[in-house]
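Asker:
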Amino acid sequence: MMRGWLAADIGGTKLAVAAYDGKKLFARMERPTAGHRGAEAVLDDLTDMLRCCAEKAGLTEILGVGVACPGPLSAREGVVIKAPMLGWENMPIVKRLEERLHCAVRLENDANAAAYGEYRMGAGKGTESMAYVTVSTGVGCGLVVNGRLLSGFHEGAGEIGHLCLVPDGLPCACGRKGCLELYASGTGIGRFISQRKGEALTAKDAAHMAEEGDQDALEAFRRAGEYLGRGLGYVLQLIDPECVVIGGSVHNALHLMKDALADTVQRTSYWGENPDRWLRVAELSGDSGLWGAALLASEI
Ligand SMILES: [Zn+2]
Numbered sequence: 553m554m555r556g557w558l559a560a561d562i563g564g565t566k567l568a569v570a571a572y573d574g575k576k577l578f579a580r581m582e583r584p585t586a587g588h589r590g591a592e593a594v595l596d597d598l599t600d601m602l603r604c605c606a607e608k609a610g611l612t613e614i615l616g617v618g619v620a621c622p623g624p625l626s627a628r629e630g631v632v633i634k635a636p637m638l639g640w641e642n643m644p645i646v647k648r649l650e651e652r653l654h655c656a657v658r659l660e661n662d663a664n665a666a667a668y669g670e671y672r673m674g675a676g677k678g679t680e681s682m683a684y685v686t687v688s689t690g691v692g693c694g695l696v697v698n699g700r701l702l703s704g705f706h707e708g709a710g711e712i713g714h715l716c717l718v719p720d721g722l723p724c725a726c727g728r729k730g731c732l733e734l735y736a737s738g739t740g741i742g743r744f745i746s747q748r749k750g751e752a753l754t755a756k757d758a759a760h761m762a763e764e765g766d767q768d769a770l771e772a773f774r775r776a777g778e779y780l781g782r783g784l785g786y787v788l789q790l791i792d793p794e795c796v797v798i799g800g801s802v803h804n805a806l807h808l809m810k811d812a813l814a815d816t817v818q819r820t821s822y823w824g825e826n827p828d829r830w831l832r833v834a835e836l837s838g839d840s841g842l843w844g845a846a847l848l849a850s851e852i
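Following this line, the structure appears as structure tokens:
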């Protein structure tokens, strides 16, 4: 007889699930996301994986399920508002999973879940307030203030990816212009280096080129670091967190952005001195979101 929780991290390219016994994640499973097969197919896959995971983990009772998912979503309502990669629009994921799994389900957006995972088990462990910033195709952020995830009236607190840094800048998918993530994300780094070199290149290509000393590639990261630093300067000034944890696929290239980032934060915030004290790299690598979902499920 074993009781435990389940966690799911839903991404545009893969679904990951794991069981949680209050101490560790185990019986981890992964599958590609089959968004092209439609909304119901993704939901069926997810349900099937959660059931398999419970069986593999030997859970006789599921105490709760935590689900981390890309937004926009309403954690309060338990509804994913729009996730094109999953084919989901106004998907009442909490209700649908509760009907299928007969236990309480909690939904949280992926950046917030990852923030909570890092706060409790990773680079933010032992702090009271922290900001988690994920840099990959976009820029997401989750804020933990006095031990609690900051949600906000519209459940949009900490959306630094859409801080307007360049008035009349590049058009953003959010409908406005000059948003931070257009310049500081992996996509932004890829766009910059592609323009410089006159061919289609990605942030990963740029990272390889930068390691070999290519000046344009180094500039691409320096520039991204500067934009990210401006965003972080606002976060430090507004929230005054003990640390900022950087995650997401671009965190592997943080060393290429770090000087420009730290320099900009020091110039724009009271609290930006000594970046070695407040700037940290995520420690749970790809599992921050899964950890956060598990911990949030155990607190339902
Ligand atoms: Zn935007």
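Quick note on this note's numbering: the sequence shown kicks off at 553 and runs consecutively.
Positions of the beta carbon are idealized from the N, C-alpha and C atoms, including for glycine.
Have a look at L602, T565 and A620 and flag the residue whose alpha-carbon is nearest the alpha-carbon of M581.
Answerer: Answer by Cα proximity: L602.
Asker: Taking 6 Å as the cut-off, is the C-beta of R728 nearer than that to any heavy atom in ligand 1?
Answerer: yes
Asker: Using alpha carbons as the reference points, say which of G777, R748 and D815 lies closest to D768.
Answerer: Comparing Cα-Cα distances from D768 to each of G777, R748 and D815, the minimum goes to R748.
Asker: Does the beta-carbon distance from A501 to A620 come in below 7 Å?
Answerer: The question about residue 501 has no answer here: the residues shown for the chain are numbered 553 through 852.
Asker: Should A759 and V797 be called a contact, given that it needs their Cβ atoms to be closer than 7 Å?
Answerer: no
Asker: How far does the alpha helix (DSSP H) with N664 in it extend, from its first residue to its last?
Answerer: D662 to M673
Asker: Could you name the residues of the same chain whose beta carbon sits closer than 6 Å to that of T679, not counting the 5 residues immediately before and after it, in chain order?
Answerer: These residues qualify, in order along the chain: E794 and C795.
Asker: Do you know whose CA, among V787, G844 and G694, lies nearest S821's CA?
Answerer: V787
Asker: Within the chosen definition, does the region 689-705 reach the region 822-830 through at least 3 CB pairs nearer than 8 Å?
Answerer: no
Asker: With a threshold of 6 Å (Cβ to nearest heavy atom), would H588 be considered close to ligand 1?
Answerer: no
Asker: State the Cα-Cα distance for the pair G704 and G765, rounded to the nearest angstrom.
Answerer: 43 Å
Asker: Does the Cβ-Cβ distance between K634 and E641 come in under 7 Å?
Answerer: Their beta carbons are under 7 Å apart, which means K634 touches E641 by this criterion.
Asker: Please tell me whether C716 and G738 are closer than 7 Å, where the distance is taken between their beta carbons.
Answerer: no
Asker: Roughly how many whole angstroms lie between the Cα atoms of R652 and L595?
Answerer: Cα to Cα, the separation comes out at about 10 Å.
Asker: Relative to ligand 1, is the shortest distance from any of its heavy atoms to the C-beta of C693 smaller than 6 Å?
Answerer: no
Asker: Under 7 Å, do I614 and L558 count as touching if we go by C-beta distance?
Answerer: yes
Asker: Quick one: is M554 buried, meaning 16 or more other Cβ sit within 10 Å of its Cβ, or exposed?
Answerer: exposed
Asker: Nearest-angstrom Cα distance between V632 and S626?
Answerer: Computed Cα separation, rounded: 6 Å.
Asker: Buried or exposed for L847, please, with buried defined as at least 16 other CB atoms from any protein chain shown within 10 angstroms of its CB.
Answerer: buried
Asker: Measure how close the beta-carbons of T816 and E778 come, nearest whole angstrom, since I'm counting them as under 8 Å.
Answerer: 5 Å
Asker: Exposed or buried, what is G574 when buried is set at 16 or more other beta-carbons lying within 10 Å of its beta-carbon?
Answerer: exposed
Asker: Is H714 near ligand 1, with its Cβ less than 6 Å from a heavy atom?
Answerer: yes
Asker: May I have the straight-line CA-CA distance separating L702 from G750, to the nearest angstrom?
Answerer: Cα to Cα, the separation comes out at about 42 Å.
Asker: Is it the case that the CB of C655 approaches a heavy atom of ligand 1 more closely than 6 Å?
Answerer: Checking the Cβ of C655 against ligand 1 gives no.
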